[in-house]
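What follows is a single structure, written as structure tokens, with notes after it.
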Amino acid sequence: MKNRVIVYIDGFNLYHAIDELEKPHLKWVNLWELSTKLIRPHETLCVVKYFTAYATWRPESYRRHERYVAALETTGVTPIIGHFKAKSVQCKAVCQQNYTTHEEKETDVNIGIHLVADALHDRFDRALVVSADTDLNPAVLLTRAEAAGKRVDIVAPPNRMNRNSAASFSITKGKIASSLLPAVITVSENTTIIRPEKYDPPKI
């Protein structure tokens, strides 16, 4: 039998890495397809979990994100949705005015508890954690220590290997570019998901 793999994706960590590539169409990436390109020939992909949160105070971005999550679900990806918490921050510049910012909550914790639970319930042989966030390293180390025989590898998003020395390898831009969702996804006779214009590939 092939070794079972579960992939855990830190949504915003991957999103911001892709954003830095300055190629918006790569954000319409099929995370299941991408995950198949990260595993080995003797392995089989069982589950892809996508951890994220909705920026509800930004309507256009929120709608695009909802559409993207719906598109991912058609491929078999399991979304785990956290939330943002608003907080007041004082400007450190001369103005000293207070302003509201938003902080993503639950994603790190959700990835950690899903990783540990899946390992202890023998749901995978190898896990891939896609993130360069070092806050996840303790959960990875604990899983390796407590779940005998389970392998856990950290996979850095593009150009982020230097942000987490514990990463085993990095995702290339080429793998993302060859793993894009189609422009139109048919969900049912009356439902289709259309790629946002912002994510249309550049015209040649």
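Its first residue numbered 5, the sequence shown is counted upward by one per residue in our numbering.
Cβ coordinates follow ideal geometry from the N, Cα and C atoms, glycine included.
Quick caveat: nothing in here was measured; it's all calculated off a predicted structure.
DSSP, read as helix, strand or coil, puts S135 in coil. If you compare the alpha carbons of N168, G153, S182 with that of P142, the shortest gap goes to N168.
Under the DSSP assignment, T48 falls in the beta strand (DSSP E) whose first and last residues are 47-56.
By the beta-carbon neighbour count (other beta carbons within 10 angstroms, threshold 16), T56 is buried. Cβ atoms of S172 and D14 stay farther apart than 8 Å, at about 15 Å. The three-state reading of DSSP puts F16 in helix, counting H, G and I together. Within the same chain, Cβ atoms closer than 7 Å to the Cβ of R71 are found at I197, P200, the five residues on either side in sequence being excluded. Look at the beta carbons and you see the segment 144-155 not touching the segment 174-183: under three pairs across the two are nearer than 8 Å. Residue pairing from DSSP leaves E201 without any beta-bridge partner. Inter-segment contact for the segment 107-123 and the segment 23-40 is absent: fewer than three beta-carbon pairs are separated by less than 8 Å.
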